[in-house]
Structure formats: C-alpha cells, structure tokens
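Under the numbering used here, read the sequence shown as residues -16 to 715, first letter to last.
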Amino acid sequence: MVVDGQKNLSAYLNLEKNIPLIIRKVLEQQSINYLRNIQILSIQGGLFEDTDLLVCSPSASGKTLVGELAILRWVLEGGKAVYMVPLKALAREKFGMLVRKYRNLNLRIRISTGDFHYTPDILENADILVTTIERFDSLLRLNPDWLYDIRVIVVDEIHVMGDRERGGRLESVLIRIRERLSVQLIGLSATIADAGEIADWLKCKLIESDTRPVPLKNYILVDADKLKAIRKLVSATVQNNGQALIFVSHRRDAESLARKLVKSIEPHLSDEERETLSVRFVESRAYSKRLVELIRQGVGFHHAGLNHASRELVEDAFRNGLLKVVCCTTTLSAGIDAPARLVILRDYNVFNSIEMASEEFEIDGMNANQFHQILGRAGRPEFDDVGYGVVLCPSDSDGFMIQKRFFDVKNGKLVPRYDPVESSIGFSPNLEEQTLLKIFELKEANREDILKFFEKTFWWRKEKSKNPQANLEKLVQIGSVNISVAIRSLAKTSELSGAERISDESLRVQLLQKKIEATVTQPIVNVCSFHEERGFLCTCSYQSGVQGGLCRHLVKLAQIVDQKYPVYRGLILHCLNSGNVLKKLIDEGLVTETTRGTFTPTGFGKLVARLYLKPATGILIRSMVHGDIDDEFRFMELVLSAVELEYGRPQPQAMSVAVLDYIRGKSIREVSSLHSISQGDLESVTSTLNWMIHCVAEIADMEGAETIKKIGKRLEERFTNRRIEKDHEIEG
-16 MVVDGQKNLS AYLNLEKNIP LIIRKVLEQQ SINYLRNIQI LSIQGGLFED
34 TDLLVCSPSA SGKTLVGELA ILRWVLEGGK AVYMVPLKAL AREKFGMLVR
84 KYRNLNLRIR ISTGDFHYTP DILENADILV TTIERFDSLL RLNPDWLYDI
134 RVIVVDEIHV MGDRERGGRL ESVLIRIRER LSVQLIGLSA TIADAGEIAD
184 WLKCKLIESD TRPVPLKNYI LVDADKLKAI RKLVSATVQN NGQALIFVSH
234 RRDAESLARK LVKSIEPHLS DEERETLSVR FVESRAYSKR LVELIRQGVG
284 FHHAGLNHAS RELVEDAFRN GLLKVVCCTT TLSAGIDAPA RLVILRDYNV
334 FNSIEMASEE FEIDGMNANQ FHQILGRAGR PEFDDVGYGV VLCPSDSDGF
384 MIQKRFFDVK NGKLVPRYDP VESSIGFSPN LEEQTLLKIF ELKEANREDI
434 LKFFEKTFWW RKEKSKNPQA NLEKLVQIGS VNISVAIRSL AKTSELSGAE
484 RISDESLRVQ LLQKKIEATV TQPIVNVCSF HEERGFLCTC SYQSGVQGGL
534 CRHLVKLAQI VDQKYPVYRG LILHCLNSGN VLKKLIDEGL VTETTRGTFT
584 PTGFGKLVAR LYLKPATGIL IRSMVHGDID DEFRFMELVL SAVELEYGRP
634 QPQAMSVAVL DYIRGKSIRE VSSLHSISQG DLESVTSTLN WMIHCVAEIA
684 DMEGAETIKK IGKRLEERFT NRRIEKDHEI EG
C-alpha cells in the first residue's frame, strides 16, 4: 500500500527481508507506520548490508531517519556510531532528538562540540556520539584507541564540503576516515548538481530522490513594495492556519520586519492562541525582552545576535505551531528543523552570519544550493498538502535575473537548478593546514606522501576533469629545495624541451645584488630575470600569457645558475618557491627537512596541529607572545586577535574588556548591556575562548614566555570554573 509516495511499513516488511527484526520493533515503538521514498530506496540500496551510501533528497524528505537506522543497526549489535554535523546548533538539535527517541533503548548518547585539544574519557563509553566536523577532525588528530571501535559514521549536510569556511576540513576528514577507519559511511545531503560525482569520489552508492512528502511550489513575485507584498502573503497564510518564515540579510531587518508584521498577524489569532501565548511566554532574564514582546503577538525573529536560549525559544515555539511568523537571517536555514507552509526570500544578498556590534560584513552572493535550501523549508509534513517558496524581487529585471540564475522552467513551473559542489581545499590556508597535518600524522613524509594525499581530494578530481593537463605539484604548491625538481613542477614539457635547444652561449648573464638577469639571443632576443622581490619575469609571449609558469628562457637561466653560479641558487629557489607551501612551513618553523630529503614536524608544528590551530594562527600567537604583554587585558587582546584570524570574525574594540568582565563573574546579560555587544556575539566568542586561551598559554610555554603562560593558565582556570559550555560533553 502506497500513500502519498510512502509505503505502509507492514506491507513493505512483507515484501522485503532485509530490515532486521530489532529495527522493525524500534520503528513500531516510534509509531513509524510508513516509510518515505528515500528510506525505501536506501534500504533497497543496502543500508542494512554494510553498503556505503550517499543519500541526496530535498529538505524534510526523510534523510535523517536513514542515518538513524544505520546507527541503530550497528549500536544494537554492540558497535559505536558517530553522527557528524557542520554546526553546533545542529549538533544540539540532533543530540536532543536522539535522546528523546532512543533513551528507552539504554543507549549511551553523548555530544561533543568543543575543547579541541583533549579527549575526555566519557566519550570512550559512548554508543552514539553527536559531534561537529571540527571536533571529529580534532579527534582524528588525537587518535584515541576507541576511534577504531566505530562501525558507522553518518555525515549530515555533506554538501557543506563546498563551504569556503569549513569545507576543506570536511573533505580532509572524509579522506582520513577512508584511510584509517573501517566503517560504513552514510552521507546525507540536500539536492546538489554533482551528487553522482561526489558519490563516486567517496566510493558510495548514490541514493537519490526528488520526492518530497509535501510538494513545493516556487514563485518569483515582482513588487516594488516588498513590505506590502509580505503583509498580504503572511496574512493569508496565517488566516488559513499556516506558518511563514521570511529570510532577510540583516539582523536589524529581521527585528524591524517582525515588528511591522504584528498588525497583519495579531488579528488572525484565536482567543485560545492569544491566551496560550500570554501564559507560555512571560518575560525572563534568559530571553530577549524585545523578542518575548513580539512572540506574545504571534511573531518572532531569529538571528546570530540572539543568545542561545532565545534562539531555541523561537525554534521550539515555531515547531509547536505557537509562533505564526518568524523573520530570520540564514542562521535558520542550515539544517534546523523548522518547516513552514510559506517561505519568503526577501533578500538574496548574503551577509556573514557573524555581525559584530552594528557592523556587517558582506560575502559572496548566495549560491543555488543555499538558495534552494532556504526555499525548501516550505512544506510542513503532517500539516500541509503543499508548501510555497516565494522570492520577492523589486523589478522585472531582478526577477528575470533570479529565474535565469536559480531555476529552469518546465511546463510553466519553476524547477530548481542546483550548483555543483566546489572544493575549498585548494585555498592557500587550507593547503598549508592539510600539508602540515599530513606530515604531523605520518611523523615523517616526503613530497610524494603529501602529493598522494592531495591526489585523493575531490578538489584534484575536479581540477583534473576541467584540465587534463593540470599539474598537481603546481596546484598544491609543493615545491622543492632542489632547483631541477622545482623547475619540473613549474614548466610544461614543451618548455623543458625548448630549454634543451637553447645553447649556453646564447645567454648573456648579468649578476646584480637582488637580481640575476639574462638576455637570450637565440632564436630571437628576450630578456628574463629572477628578482628577489618581483619573482621571475620574461619578455616572451609564453611567459606573458601563463600565470606562474616557467618559459624555456627562465628554465635555461635557472639551469645555468644551478651549474655555474651556486651563490645565486638561494635567489632562484626563493623565486621558484614564492608560493611553495612546504617552504613557508619550513621558514615559519613548523616543519623541518631531514638529510634524507623528507619532512618532519617541529615541536612547534606538532603543537599547532595537536591544538587544532590553523598554521597562520599558530604563527600569529608565537609572534605576539614575545611582545609586551604583562596584564590580562593585553593577553585577551592577543587571544581575540587569534580568534579573529582563525575564524575570520572581526571583533568590536570593547570585546577584550567584555570577556574579562565575564570571566570575572558578570553574566552574559550584564556584559552585553554594559558594553553594547549582543548576547549572541558574546556567546559565540566565549564558546571558543577557553580553547584559545589554552592555545596561547601552551605556545607561550614552548616559547619560554613565562609571564604570558601564567596569565593564560590563571584565566583558563577561571574560565573553566564558569562552565559556560555545558554542552561540550554531556551524558544523554
């Protein structure tokens, strides 16, 4: 029996033999009587037969249960399971959901989202561990024995691999899971354009479905008066017992729009709803006063400036149907379970979710996957027959642009068009981190070891498919202290062959203080040079058209220098290795080269990798601990500079004093009021502060900066006593 794309569980079980009986009993206890299309396809695809799966389907289509079923299968047989997500908020939600659903099975469910530098014993006894990408990455680095007892890893929101901020680390984690752990891998993803390619890269079977339990209808609405259009849409939705989410770019817009919508929503509330809102939502020091005032009128707002308790209040009230409309930024788009009948995308410019004080920091425009993930929030299973996603545009030209960028039109309907996932592991900071990490984990590595790791990346796969002639050594920027090897990595075969045809006599070499230059007379005159500050240059047409590539004239000059002018070898290598990741790591004292031509991490390099710092952050801290820092305020300025570099989060000037006030005993609420910094921003900073204080103290200890070490240890002890991150390791 099939109902709305779902198959009756009993009928399905009679047809299929590959659902373990114990899982069937669990499903019955959860009153799950129907399986959705993606769940059926996953079971048929080998979910209970150890098959690695990449499960791609729209929001609210049932992917999460697929991951839960894989986890239950293994933990009920005595194995360990990991549920990995990209965000702390999502980890808290998944943890709470698993505890509520499966506590009666006597499973030990834990959550771990912080303290990257240590592995608490409590995690060893976990049956199910809910964690973030970064935390699991740090566990792989620390390598506790219990990791090898894990039998299944579910990676939720696996398309985050294309995220510029955390995608490189997720890609690395996936590779290292494959290298080191014998587990069933279940990837869960929203719909993406290149799911087959990612599945092939992961060696997973692709399970794909575009079936939604609640169909979604997308519209582009052109109206110069966006507020008027929003009022009309949400009024009609609430009047018909629906709920709406409205996405905007700015925090202040989320609050102001919510306030403007009260008059459109409040008249449609029943007397019973007004009474419930009045009784349930009273003023509390735990919540934003402005927020509670609006919630009692059926409207709320949600953004990163709200404290955690206030954001949870909005999410829970909306999920329970008490809140009719929420105006929000993209903080509510990434996996949090909050579906609505109507989703309005008012703004399609994206701003950084970390907006300190009154400042906001614009980043790249919204990509198609994020765009459709937002609209995909429309359609409440068990409540609605259809969901509506509306994009508001101020003009016809904007509407045309949105349609062209994000949709195909089929039979007069707007059909989502998705973007492929673009790897970010090739960005220089990620190259540096992953190169150091590979050397750290191997303890000693040669260039080939490093290149073999990058050969396994999705980034290299994509680069190779776009350009079959791509040179991995050049892309990875793994140069050499050997001129001949460096030349081969930077020059095409044709240019190397061309250099062989140039005689030594055709070069007139001129040696200068910061430059070595040559005039090449055959077959035509060209001038090439290696300059200490400008790098390498040549007047030939090849060189002018190829960024970073060596022409035959430069190859010949470098070879002559290597043979005849050894005192200038350093200059040549400096120019050839200007973007060389290994050279930078060596120069900064993170890596050292052995007499065997291999590379090992220095004590400083080991510490940076173990502390889970990016190399650039570790370098910054090391340089600053030798400065004039003799009090807690200057120490905290150092710490916040490191946080800013590590996460790209600009900090307001008052933050140093603010966090010190917090450590010394003031509440987040008091500190927020005193220094005019939002509670959400304070919570965001303090959630990583104890870890960063520890990092600074450890590096200061290594560098012999005793005063800074003592300040750090003192603040770390005080901060630990505050117990602000109660969710780091919690027993379920």
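Every residue gets a Cβ at the ideal spot worked out from N, C-alpha and C, and that includes glycine.
- Runs of the alpha helix (DSSP H) spanning 4 or more residues and lying entirely within the region 287 to 336 occur at 291 to 302, in chain order.
- One Cα belongs to G45, the other to T114, and the distance between them is close to 21 Å.
- In the DSSP assignment, I385 falls within the unbroken alpha helix (DSSP H) covering D379 to F389.
- Secondary structure of V404 (DSSP, three-state): coil.
- Ranked by how close their Cα comes to the Cα of Q496, the residues P506, S486 and E515 have E515 in first place.
- If you compare the alpha carbons of A227, R279 and G288 with that of G359, the shortest gap goes to A227.
- Going by DSSP, N352 is part of the alpha helix (DSSP H) stretching over A351 to L358.
- No Cβ-Cβ contact shorter than 8 Å links L315 with P598.
- In the three-state DSSP reduction, T96 falls in the coil class, being neither helix nor strand.
- Note that the C-beta distance between D367 and V197 is below 8 Å.
- Within the region 119 to 188, the complete alpha helix (DSSP H) runs of at least 4 residues fall at 150 to 163 and 178 to 185.
- Positions of the alpha helix (DSSP H) runs, each at least 4 residues long and wholly inside the region 595 to 626, are given as 598 to 607 in order along the chain.
- Residue pairing for F513: DSSP places it in a beta bridge opposite I499 and F519.
- Under the DSSP assignment, Q493 falls in the beta strand (DSSP E) whose first and last residues are L490 to L494.
- Note that the C-beta distance between L479 and V538 is below 8 Å.
- If you check the CB distance, V58 and L90 come in under 8 Å.
- Leaving aside the five residues that flank Y101 on each side, the residues in its chain whose CB is nearer than 8 Å to its CB run, in chain order, L125.
- P635 is bridged by DSSP to nothing; it lacks a bridge partner.
- For K445, no beta strand (DSSP E) run applies; the uninterrupted alpha helix (DSSP H) run containing it begins and ends at F441 to K449, by DSSP.
- In this structure, the beta-carbon distance from G170 to L153 does not fall below 8 Å.
- As DSSP reads the structure, P196 sits in no beta bridge.
- Straight-line spacing of the CA atoms in L490 and V510 works out to 9 Å.
- Contact between the region 288 to 303 and the region 267 to 274 is present: 3 or more CB-CB pairs across the two stretches fall below 8 Å.
- Judged by their CB atoms, R329 and F264 are not nearer to each other than the 8 Å cut-off.
- Taking the Cα of L603 as reference, the smallest distance to any Cα among G79, K211, E615 and S624 is reached at S624.
- Apart from sequence neighbours up to five positions away, the residues of its chain that approach R701 with a beta-carbon distance below 8 Å are I646 and R647, ordered along the chain.
- Boundaries of the alpha helix (DSSP H) around G553: R552 to L559.
- Note on geometry: alpha-carbon atoms of C678 and Q460 lie some 28 Å from one another.
- The C-beta of S512 has 16 or more other C-beta atoms within 10 Å across all chains shown, which makes the residue buried.
- The Cβ atoms of V65 and I133 lie closer than 8 Å to each other.
- Beta-carbon to beta-carbon, T312 and S232 are separated by about 7 Å, close enough to satisfy the 8 Å threshold.
- Look at K649 here: in three-state DSSP terms it is coil, with no helix or strand label.
- Only exposed fits E32, as fewer than 16 other CB atoms lie within 10 angstroms of its CB.
- K211 counts as exposed, since fewer than 16 other beta carbons sit within 10 angstroms of its beta carbon.
- Counting only the Cα atoms, R632 lies some 44 Å from V9.
- Taking E627 as the centre and dropping the five residues before and after it, the same chain places the C-beta of P633 and Q634 closer than 8 Å to its C-beta, in chain order.
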